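Accompanying notes for the structure given below.
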Amino acid sequence: MPHTCDQRNEITDIIQETICALVNDESFLQKIIERMWTKFKQKIEDIYQEIQYKTSVLQEENEKLREDLNRLEQYTRRNNIRIFGVKQEENENVLEKVIATLNNVGKVNIKDCFVYRCHRVGRQIPGKPQPIIVKFTSY
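Counting with numbering that gives the first Met the number 0, you get residues 0 to 138 for the letters of the sequence shown.
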């Protein structure tokens, strides 16, 4: 059965009065605030748990990558030696010095084809020769 215009107005007035009464009722507003606060806290907790989980996963991944990097660095260093105390001269040929030092002092027969790369490392300290790092073609 359709409502008349008066009935609609009466229903609208009742709804408006009810809404005004609820808005002015502190206990009703308090319940709404509590429900919203509970939902807000739950949402924050969910986000926090997700962040904690992702952080944990990233920390594990980071640790694994560090271990992998360390293994790779150790693997690449296996062909290297560091030599200390070789006199440093201006315009020196480091490769020739390394070969001469290893052949004379080390009593090994090294040829320049065994050396992939060699150079002095570190900063220059007056009166002290820089160490030499030698990377061999194989170990």
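Even for Gly, the Cβ is constructed at its ideal location relative to N, Cα and C. Quick caveat, the model's predicted, so the values are computed rather than measured.
Contacts around Val85, its chain only, beta-carbon distance under 7 Å, and the 5 residues preceding and following it disregarded:
Walking along the sequence shown from the start, residue 85 turns up at place 86. Once the five neighbours on either side are set aside, the close Cβ partners of Val85 are Lys96, Thr100, Pro128, Ile131.
Using a beta-carbon distance below 8 Å, is Leu101 in contact with chain C?
The chain labelled as chain C is not found in the depicted structure, where only one protein chain is given.
Give the DSSP-derived three-state secondary structure of Tyr74 in the structure shown.
As a position in the sequence shown, residue 74 is number 75, starting the count at 1. Here Tyr74 sits in helix by DSSP.
Of all the options Ile46, Thr54, Ile82, which has the alpha carbon lying nearest to the alpha carbon of Gly121?
Counting from one through the sequence shown, the residue named residue 121 turns up at place 122. Selected option, being the one with the closest Cα: Ile82.
Please classify Ile43 as buried or exposed, where buried requires at least 16 neighbouring CB atoms within 10 angstroms.
Position 44 of the sequence shown, counted from the first residue, corresponds to residue 43. Exposed, because fewer than 16 other Cβ atoms sit within 10 Å of the Cβ of Ile43.
Sheet register partners of Leu127 (DSSP bridge):
For the purposes of this step, residue 127 is identified with residue 128 of the sequence shown, where counting begins at 1. Strictly speaking, residue 127 in this sequence is Lys, with Leu absent from that position. Secondary-structure assignment with DSSP links Lys127 through a beta bridge to Ile124.
Which one or two residues does DSSP pair with Ile132 in a beta bridge?
Indexing the sequence shown from 1 puts residue 132 at position 133. Ile132 is bridged to Arg81, His118.
Cys112, buried or exposed, once every other Cβ within 10 Å from all chains shown has been counted against 16:
Taking the sequence shown and counting its residues from 1, the one referred to as residue 112 is at position 113. By the 10 Å Cβ count, Cys112 comes out exposed.
If you drop the 5 nearest sequence neighbours on each side, which residues of the same chain put their C-beta closer than 7 Å to that of Cys62?
Along the sequence shown, one-based indexing puts residue 62 at 63. The question names Cys, yet the displayed sequence has Glu at residue 62. Setting aside the 5 residues that flank it on each side, Glu62 has no residue in the same chain whose C-beta is closer than 7 Å to its C-beta.
Helix, strand or coil: which one does DSSP assign to Ser137?
As a position in the sequence shown, residue 137 is number 138, starting the count at 1. DSSP places Ser137 in coil when its eight states are reduced to three.
Quick one: is Pro56 buried, meaning 16 or more other Cβ sit within 10 Å of its Cβ, or exposed?
By 1-based counting over the sequence shown, the position of residue 56 is 57. At residue 56 the sequence reads Val, which differs from the Pro that was named. With fewer than 16 other Cβ atoms within 10 Å, it is exposed.
When you compare only the Cα positions, how much space is there between Thr11 and Thr3?
Position 12 of the sequence shown, counting from 1, holds the residue named residue 11. Position 4 of the sequence shown, counting from 1, holds the residue named residue 3. Spanning the two alpha carbons is a distance of roughly 12 Å.
Where Arg70 and Arg116 are concerned, what is the direct C-alpha to C-alpha distance, given to the nearest angstrom?
Counting from 1 along the sequence shown, the entry for residue 70 is found at position 71. Counting from 1 along the sequence shown, the entry for residue 116 is found at position 117. Distance between the alpha carbons of Arg70 and Arg116: 21 Å.
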